[in-house]
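Report on the following structure.
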Amino acid sequence: MLHKPGFVLSDGTTLDDLIDRDMNEVSMRVMDDAELYHHEMERIFAKTWLLLGHDSEIPKSGDYVVRDMGEDNVIVARARDGQINVSLNVCPHRGMKVCTAEAGNAPIHRCIYHGWAFRPDGSFIGAPIEKEQMHGSKRTKDELGLKKARVHIYGGLIFATWNIEGPSFDEFLGDAKYYLDQLFCRTDSGLELLGPPQRFVLPCNWKIPSEQSASDGFHTLTLHRSLMEGGVMGGTAESIYDNAPGMYGVDVGFEQGHSLRCLEAAQTFKMFSDMSFEGKTLDERLEMLPPPGITKELIPQLHKNLSPAQVEQLATIPPQVGGMFPNVLVAFIFAPRTDGGSSGALALHAYVPRGPHQVEFVNFIFAEKDCPEQMKRDMLQNSIQQTGTSGLIEQDDADTWPQIQRAARGVMSKTQTLKYQAIHGHEKPEGWQGGGYCYPGFTKDDTQWNWWLAYHRLMSADA
Ligand code: FES
Ligand SMILES: [Fe+2]
50 MLHKPGFVLS DGTTLDDLID RDMNEVSMRV MDDAELYHHE MERIFAKTWL LLGHDSEIPK
110 SGDYVVRDMG EDNVIVARAR DGQINVSLNV CPHRGMKVCT AEAGNAPIHR CIYHGWAFRP
170 DGSFIGAPIE KEQMHGSKRT KDELGLKKAR VHIYGGLIFA TWNIEGPSFD EFLGDAKYYL
230 DQLFCRTDSG LELLGPPQRF VLPCNWKIPS EQSASDGFHT LTLHRSLMEG GVMGGTAESI
290 YDNAPGMYGV DVGFEQGHSL RCLEAAQTFK MFSDMSFEGK TLDERLEMLP PPGITKELIP
350 QLHKNLSPAQ VEQLATIPPQ VGGMFPNVLV AFIFAPRTDG GSSGALALHA YVPRGPHQVE
410 FVNFIFAEKD CPEQMKRDML QNSIQQTGTS GLIEQDDADT WPQIQRAARG VMSKTQTLKY
470 QAIHGHEKPE GWQGGGYCYP GFTKDDTQWN WWLAYHRLMS ADA
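Here's what the structure looks like:
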């Protein structure tokens, strides 16, 4: 087979110099290299499917939000036919940003520079003083629309890619779909985004949080220990260290770089309650420890929308946290309340690159559309308290990631490597119904190493 060497940086460094696939090591230079960053924008962010938002943000014709695909700013708008369109927010006239607001409703987007106007589907309407034909005669109006991305809506989530002829969204998800459907496609009305996403910028490369999202369960034991000590996540610090219940489960990794940590519901339940799952039916288990966001009334909908094997997994060993390549964290957190209830938190984080040294953390907080208003408030509160700008969990991470970034700047430091050598090797547990590579037992480096292999694969492909 023809070996595609990918690219060579201007000093002669190759991708294989940076990612040592024999040793499972990654050079720290990857976190602090402007040249590499430009290759990433071309080979990853211009090629793969990216999360932009949720259709509940733009329910009406003309509604729009402005988001980013890598460094490219885009308008995500619902057109008159109800379809969601993603168009490059760059005026084809002289390059001005067409839509300067962050969100709103507009039947027409008019560029503030010379007034060229566009519909929500990106098509060009015309320039002011129509009779003067200020768009010229060399191009037809059809050629002067905003550049459009390819869009796919999955469980209400809006994804887009510039890779018009590339893999379909289903190919992109691959075997991860079986598990992600359990989180995003399990009720009749689906999820609802609870307000605009929280956003903040951190001084670190996008890959630092993104590789953690590839199911780095191990760091929670140490970095997030204070959550256990404070009883925020149930249990005590001692029980966490003695038994480390949250460390054992089945990590599942996928060719495409996605991953999920499936953790025994019985173990999770023990952290919250003295009652036992022993002898309980699946529905009784689901009632005792509902997946985050699911009420008793919604349980029949799980059976309607998912296969029996998927419901069984939700009741016994549900996916609880993971990542979607390249830059999304999936958090479905079981969260106890002091009154014994558990509404949980349901959040997605997109880590949007802002140059080689900065990332914008975009926190999407969800609840099931059909759950009671009180539950939506509880889930919003849980997510705000745990994930995102002021979240207890991410305060730990937001302190750590920039320190890794700072370290990567040093001449000597950037020659150091990140190690992914605690490898389990994949092995499907008996009776396991889902696909992907399963890594049962203590959470190790397998899924994060898969993430780097997916990164390597995309970066080595022709741009
Ligand atoms: S740059 Fe937009 S109308 Fe001229
Ligand atoms: Fe973390």
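Residues 50 to 512 (our numbering) make up the sequence shown, in order. Don't be surprised by glycine CBs; every beta carbon is placed ideally from N, CA and C. Values in this document were obtained by computation on a predicted structure and should not be read as measured data.
Please list, in chain order, all residues of the same chain as residue i whose beta carbon is under 7 Å from its beta carbon, the five residues on each side excluded.
i	result
Cys487	Val299, Val301, His475, Glu476, Lys477, Pro478 and Trp481
Thr269	Gly295
Ser59	Glu84
Cys140	Val147, Cys160, Tyr162 and Trp165
Applying the criterion that 16 or more other CB atoms from any shown protein chain within 10 Å of the CB defines a buried residue, is residue i buried or exposed?
i	result
Arg143	exposed
Pro483	Residue identity check: residue 483 is Gly in the sequence provided, not Pro. Buried.
Arg127	buried
Ser238	exposed
Pro246	buried
Lys425	buried
Ala522	No answer is possible for residue 522: the residues shown for the chain start at 50 and end at 512.
Ser262	buried
Tyr504	buried
Ile207	buried
Gln231	buried
Asp265	buried
Ile178	exposed
Met277	buried
Gly279	exposed
Arg129	exposed
Leu51	In this prediction, Leu51 scores a pLDDT of 46, lower than 50, which makes its location untrustworthy; no coordinate-derived value is stated.
Arg188	exposed
Asn412	buried
Go through its chain and collect everything with a Cβ distance to residue i's Cβ below 8 Å, but skip five positions before and after it.
i	result
Asp66	Ser76
Gly61	none
His406	Asp81, Pro252, Cys253, Asn254 and Gln454
Lys418	Ser105, Thr236, Ser238, Gly239, Leu240 and Glu241
Please work out which residues of its chain come closer than 6 Å, Cβ to Cβ, to residue i, disregarding the five sequence neighbours upstream and downstream, and give them in chain order.
i	result
Leu195	Ser136, Leu137, Phe167 and Gly171
Val57	Thr63
Leu507	Arg92 and Ile93
Ala471	Lys493 and Asp494
Phe122	First, the residue type needs correcting, since residue 122 is Asn and not Phe in the sequence shown. Result list for Asn122: Asn138, in chain order.
Val370	Arg310 and Ala380
Phe267	Thr492
Thr496	Ala263, Ser264, Asp300, Gly302 and Ser308
Do you know whose CA, among the options, lies nearest residue i's CA?
i	options	result
Glu241	Pro421, Leu363, Gln407 and Tyr504	Pro421
Trp255	Glu179, Gly119, His103 and Leu100	Gly119
His473	Met373, Lys146, Pro216 and Asp494	Asp494
Arg274	Leu467, Met145, Gln444 and Ile343	Gln444
Asp410	Met428, Leu429, Gly437 and Asn431	Checking the displayed sequence, the identity of residue 410 turns out to be Phe instead of Asp. Checked all of Met428, Leu429, Gly437 and Asn431; the closest Cα to Phe410 is Gly437.
Gln359	Phe383, Gly393, Cys311 and Ala399	Cys311
Gly102	Thr271, Asn134, Glu313 and Asp191	Asn134
Leu222	Ser238, Tyr203, Thr236 and Asn212	Tyr203
Asp117	Pro141, Ser110, Met90 and Gln132	Met90
Asp71	Phe491, Ile157, Ala263 and Lys468	Lys468
Gln305	Ile348, Asp69 and Leu502	Leu502
Glu327	Ile343, Glu74 and Ala364	Ala364
Ala515	Glu214, Thr189, Lys190 and Glu192	Since the first residue of the chain shown is 50 and the last is 512, residue 515 is not available in this structure.
Leu100	Leu338, Asn376, Thr449 and Ala314	Asn376
His307	Ile124, Pro349, Gly490 and Tyr227	Tyr227
Ile157	His352, Arg188 and Ile124	Ile124
Ile414	Phe249, Leu429, Val408 and Pro402	Leu429
Pro349	Pro341, Asp332 and Pro340	Asp332
Pro216	Thr97, Asn499 and Glu417	Thr97
Leu243	Leu338, Ala394 and Pro451	Ala394
Arg235	Val147, Ala155 and Pro339	Pro339
Asp446	Asp191, Leu272, Pro108 and Arg403	Leu272
Met461	Arg78, Asn354, Ala399 and Asp191	Arg78
Arg403	Ala457, Asp69 and His87	His87
Val114	Gly459, Pro489, Asn154 and Leu355	Asn154
In terms of residues, what are the limits of the alpha helix (DSSP H) holding residue i?
i	result
Tyr227	Ala225 to Phe233
Asp495	Asp495 to Ser509
Val360	Pro357 to Thr365
Asp427	Glu422 to Gln435
Leu262	According to the sequence displayed, residue 262 carries Ser and not Leu. Here the alpha helix (DSSP H) through Ser262 covers Lys256 to Ser262.
Thr269	Phe267 to Thr271
His87	Ala83 to Glu89
Arg455	Leu441 to Ala456
His352	Ile348 to Asn354
Glu220	Phe218 to Leu222
Specify, as a first and last residue, the run of the beta strand (DSSP E) that residue i falls within.
i	result
Met337	No beta strand (DSSP E) contains Met337, which is instead part of the alpha helix (DSSP H) from Leu331 to Met337.
Ile33	An answer regarding residue 33 cannot be provided, because it is not within the stretch 50 to 512 covered by the chain.
Met277	No beta strand (DSSP E) contains Met277, which is instead part of the alpha helix (DSSP H) from Arg274 to Glu278.
Ala399	Ala394 to Pro402
Asp300	Tyr297 to Gly302
Ile93	Per DSSP, Ile93 belongs to no beta strand (DSSP E) and is neither H nor E.
Ranges of the beta strand (DSSP E) found wholly within the segment 112-184, counting only runs of at least 3 | 112-118, 121-127, 133-137, 152-154 and 173-175
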